[in-house]
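Participant: Chains as they are written, first to last, in this note's numbering: chain A, 3 to 393; chain B, 49 to 376.
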Amino acid sequence: MSGTKIIHKELETAPALSPLKTGGDIGSIAAAGQWTLIWHKFTRNKVAVFAGVMILLFYFVGIFVEFLAPGLPDKSKPQFTYAPPQQLEWFAPDGEGGTKFLPHVKGYKMEVDPVALRRTFTADETDIIPIGFFVEGPAYKLWNLIPADRHLIGPIDKNETVYFLGSDKLGRDLLSRLIYGTRVSMSIGLLGVCMSLVLGVVLGALSGFYGGWVDMLIQRIIEVVSSMPTIPLWLGLAAAIPLTWSPLQVYFVITIIVSLLAWTGLAREVRGRFYALRGEDFVVAARLDGSAERRVIFRHILPSLTSHILAVITLALPVMIVAETALSFLGIGLKPPVVSWGVLLQDAQNIRTVATAPWLLLWPAGAVVVAVLSFNFLGDGLRDAADPYGD
Amino acid sequence: MLKYIIKRLLYMIPTLIGMSLIAFMIIQLPPGDYMTSVLASMRDSGVTVDEAQIERMRETYGLDDPVYIQYFKWITNIVFYGDFGFSFEWGRPVSELIWERMGATLSVSVAALFFVWGVSLPIGIYSAVRRHSIGDHVFTFFGFLGLAIPNFILALTLMYLSYKYLGQSVGGLQSPEFADAPWSWAKLGDLLAHLWIPVVVIGTAGTASLIRILRANLTDELNKPYVVTAKAKGLPEYKVLLKYPVRIALNPFVSAIGWVLPNLISGVTITAIVLNLPTAGPLLLRALISQDMYLAGSFILLMGVLTLVGMLISDLLLALLDPRIRFN
């Protein structure tokens, strides 16, 4: 929300019918621009602000993935299949009966069940693996550009492995994979929203501005698309992706598919607002001043819709994240070696696997739910704040 | 009313055409046509390919015709002969495969719809009457959670919990020992024991949003002067509540068929894949993966039609309930 601090320099001449509480600096409120009022109203909704912070945190994780993850997502250790999560502890015995400050995890003691031949891991109280911050670890390239080997957290001895959230069937670190998946899952939503934003705004604006047969046609298209059950249609489109395509191509096609069905809500919202604004005084004035239609749309009507559009796309984002997750989960979306939350959930498809390693379901599912919940709360807050002149 | 019905039916025609275009597009989307996949699969299984038969099939499906003629043939066969094409994976006409599965899809969706209604009505009323009580906050919290958890994750979680704590292996709609048994009370009980998980999974999101709508509508209604008057003249609380405000706030329940049904059918698809229910979902996924496109396209088309019919029913019911709609 970097654009929210803009304060228009001109004083408004109309009486200040402000929804804000009295007791503040009346002068500054009367002179405040629309975005300042929206920001004021938004920050009063504590849940929405908290949700917004969560979203920023998610995107922060998505940006600095390589540094934040303790290891690499594809590094497998076959001797540690389905190793349970290790608890980070801060104090360790110092050998003289006391304790000292030493962040560490306990190593694994492996037992093989003689009947089922299944390996079970328990914490080995004597095996202490020291953990450090900003440690040297496996080398990576930040954003595929900058070579580095520092990690926020990890074992001080490079050759040790830690599984803060447990490991999967190949002994890969779930925490690292979850963090790498955050980048893919969160960015697919963002890219998809940009695409459906273009579609929705253009079609909605055309429909609402011109009316008549254009409106009729676009309305019918919207009706068809929005009355198709989404998941079967997503499945149908995603299944047509050739198996030979590279992960990057698949990533973009999935983004397009996900956004193809999501623009209708936005188009409806934009159309409705256009309809309402078409007869407003400032639009009529702009027209009488001889503004071309394009100028009326882009300079006069669209800017006054920005806050509403922002709210609608915030509410559309979780739908896309869930769509990607569902498609990847079913095996027709993103595929390994790409890591997304949905790809991680593929491992949890089998109920027996989940019974042995519940963390494989818990953490990726938790990430999806927290992200979706945060977007919903943030979107609700933005929608309420979008019209700061109301009650 | 008749005029309204006719108008509403006519409005459906362009939408239906649009849907059939989308379904046909999905059929055409994978590279190569239907016969290339048939030939490939025949060669894979070592069946000798009969040239004359291929020629005949190319002829029947008009695969050498331009796309619009292919579409025309496909849609006229469906509309006039009920012929949805041929599933090469199953070696049977699509129409034979599809009805049983669509029936199961419909039954689970309708069961979920009743669940949505049955749960959200009392909770919605409670939440509106006791606004900001602890119960209201608890329901709101669970409502948000229910909206945020994707169906398949909820299904997996319930499966895991019932596997771990109830020792019951869930999945399917029947235990194996009842699968071929004739209908009896025991079989019905077994069906219900399996049905509750998909119904809860699919219905949760719809329930949550319907509770929110009902709560908002009823709150508006409860503040109106006629409610105050009714209370002032000493009408019992339940009568004040149920006689008028609830009846007016019920409109969204009827229109819910229109927008909840697409979500339910959509939800049944993925939930059925996770829980392995005998509905259209798993078969659709299999058809798509093996590129059995006539089967897949027909499922998508029929699911769309099912939603449209749902919307039609909800619109007609609403018009029946609310004269303002049918006279506008």
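Glycine included, C-beta positions come from ideal geometry on N, C-alpha and C.
For A/M230, I'd like the list of residues in its chain whose CB is within less than 8 angstroms of its CB, leaving aside the five on either flank, ordered along the chain.
Facilitator: Excluding sequence neighbours, A/M230 sits near L263.
Participant: Based on the DSSP secondary-structure assignment, which residues constitute the bridge partners of A/V142?
Facilitator: The question names Val, but residue 142 of chain A in the sequence shown is Tyr. Its beta-bridge partners are A/A150.
Participant: Tell me the rounded alpha-carbon separation between A/Q251 and A/M322.
Facilitator: Whole-angstrom Cα-Cα distance: 18 angstroms.
Participant: Hey, would you say A/A325 sits closer than 8 angstroms to A/L180, going by beta carbons?
Facilitator: For A/A325 and A/L180, no; Cβs fall outside 8 angstroms.
Participant: I'd like to know if A/F254 contacts chain B, where contact means its C-beta is closer than 8 angstroms to some C-beta of that chain.
Facilitator: So no, A/F254 is outside the interface.
Participant: If we define contact as Cβ-Cβ less than 8 angstroms, is B/F189 a contact residue for chain A?
Facilitator: Cβ-Cβ to chain A under 8 angstroms: no for B/F189.
Participant: What does A/N146 touch in chain B if you count any residue whose Cβ is under 8 angstroms from its own?
Facilitator: Per Cβ cutoff of 8 angstroms: no residues; A/N146 is ~30 angstroms from chain B at best.
Participant: For B/T63, go through chain A and note every residue whose CB falls closer than 8 angstroms to its CB, in chain order.
Facilitator: Per Cβ cutoff of 8 angstroms: R222, E225, V226, S229.
Participant: If you drop the 5 nearest sequence neighbours on each side, which residues of the same chain put their C-beta closer than 7 angstroms to that of A/D115?
Facilitator: Hits under 7 angstroms: T122.
Participant: A/F44 versus chain B: which residues are under 9 angstroms apart at the beta carbon?
Facilitator: Those do not exist, as A/F44 stays about 19 angstroms from chain B at its closest Cβ, beyond 9 angstroms.
Participant: At 7 angstroms on the CB atoms, spell out the chain B contacts of A/N47, in chain order.
Facilitator: Those do not exist, as A/N47 stays about 14 angstroms from chain B at its closest Cβ, beyond 7 angstroms.
Participant: Say whether chain A places a C-beta atom closer than 8 angstroms to the C-beta of B/L336.
Facilitator: Interface residue, yes.
Participant: Going straight from the alpha carbon of B/L214 to that of B/A241, what length do you get?
Facilitator: B/L214 and B/A241: Cα-Cα distance of roughly 12 angstroms.
Participant: Rounded C-beta distance between A/L319 and A/V195? I'm assuming under 8 angstroms.
Facilitator: Confirmed, Cβ separation roughly 5 angstroms.
Participant: Do B/L204 and A/A350 count as a contact pair if the criterion is CB distance below 8 angstroms?
Facilitator: Going by C-beta atoms, A/A350 is nearer than 8 angstroms to B/L204.
Participant: Ignore the nearest five residues each way along the sequence and tell me which others in A/K11's own chain have a CB closer than 7 angstroms to its CB.
Facilitator: Here A/K11 scores only 48 on pLDDT, less than 50, and its place in the model is too uncertain to base an answer on.
Participant: Give a yes or no on whether 8 angstroms exceeds the smallest Cβ distance from A/T394 to chain B.
Facilitator: In this structure chain A extends from 3 to 393, so residue 394 of chain A is not present and cannot be described.
Participant: Locate the beta strand (DSSP E) running through B/V247, then write down its first and last residues.
Facilitator: Unbroken run through B/V247 is the alpha helix (DSSP H), 233 to 270; no beta strand (DSSP E).
Participant: Using a C-beta to C-beta distance shorter than 8 angstroms, which residues of chain B count as neighbours of A/L239?
Facilitator: Residues of chain B passing the Cβ test: I74, L77.
Participant: Would the beta-carbon of A/I57 fall within 8 angstroms of that of A/L199?
Facilitator: Not in contact: A/I57 and A/L199 (Cβ atoms no closer than 8 angstroms).
Participant: Identify each residue in the region 294 to 323 of chain B for which the Cβ-Cβ distance to at least one residue of chain A is less than 7 angstroms, and report them in chain order.
Facilitator: Taking 7 angstroms as the Cβ-Cβ cut-off against chain A, the residues of the region 294 to 323 of chain B that qualify are P310, I313, S314, T317, I318, I321.
Participant: Between the Cα of B/P300 and those of B/P62, B/E103, B/N265, spot the shortest distance and give me the residue it belongs to.
Facilitator: Residue B/N265 is the option with its Cα nearest to B/P300.
Participant: Answer with yes or no whether the minimum CB distance from A/P157 to chain B is below 8 angstroms.
Facilitator: For A/P157, the answer is no, since every Cβ of chain B falls outside 8 angstroms of its Cβ.
Participant: Which complete alpha helix (DSSP H) runs does the region 252 to 318 of chain A hold, if anything under 4 residues is left out?
Facilitator: With a minimum length of 4 residues, the continuous alpha helix (DSSP H) runs that stay inside the region 252 to 318 of chain A are 265 to 280, 283 to 290.
Participant: Output yes or no for whether 8 angstroms exceeds the beta carbon distance between B/S68 and B/L349.
Facilitator: Yes. Within cutoff.
Participant: Quick one, are the C-beta atoms of B/F132 and B/I146 less than 8 angstroms apart?
Facilitator: For B/F132 and B/I146, yes; Cβs fall inside 8 angstroms.
Participant: What does a CB cutoff of less than 7 angstroms around A/I9 pick up in its chain, not counting 5 residues either side in sequence?
Facilitator: In this prediction, A/I9 has a pLDDT of 49, which is less than 50 and means its spatial position is unreliable; nothing more can be read from the coordinates.
Participant: Pull up the DSSP beta-bridge partners for A/S169, would you.
Facilitator: Answer is A/D175, bridged to A/S169.
Participant: Could you list which residues in chain A have their beta carbon closer than 8 angstroms to that of B/F163, in chain order?
Facilitator: None at all; the shortest Cβ gap to chain A is about 18 angstroms.
Participant: Sort out for me which residues DSSP pairs B/R140 with in a bridge.
Facilitator: BP columns for B/R140 point to B/S135.
Participant: So that I know if they touch, is there some Cβ in chain B lying closer than 8 angstroms to that of A/A367?
Facilitator: A/A367 counts as touching chain B.
Participant: Hey, is the region 257 to 271 of chain A in contact with the region 183 to 195 of chain A, meaning 3+ C-beta pairs nearer than 8 angstroms?
Facilitator: Contact between the region 257 to 271 of chain A and the region 183 to 195 of chain A is present, because at least three Cβ pairs lie under 8 angstroms.
Participant: Less than 8 angstroms between the CB atoms is what I'm expecting for B/L262 and A/N378, so what's the real figure, rounded?
Facilitator: Not really, about 19 angstroms apart at Cβ, beyond 8 angstroms.
Participant: What's the call for A/A125, buried or exposed, on a 16-neighbour Cβ count within 10 Å?
Facilitator: Result: exposed.
Participant: Quick one: which unbroken beta strand (DSSP E) runs of 3-plus residues sit fully inside the region 73 to 146 of chain A? Chain order, please.
Facilitator: Taking only runs of at least 3 residues, the beta strand (DSSP E) segments lying wholly in the region 73 to 146 of chain A are 91 to 95, 101 to 114, 121 to 144.
Participant: Out of curiosity, what's the CA-to-CA distance linking A/S342 and A/W145?
Facilitator: In a straight line, the C-alpha of A/S342 is about 17 angstroms away from that of A/W145.
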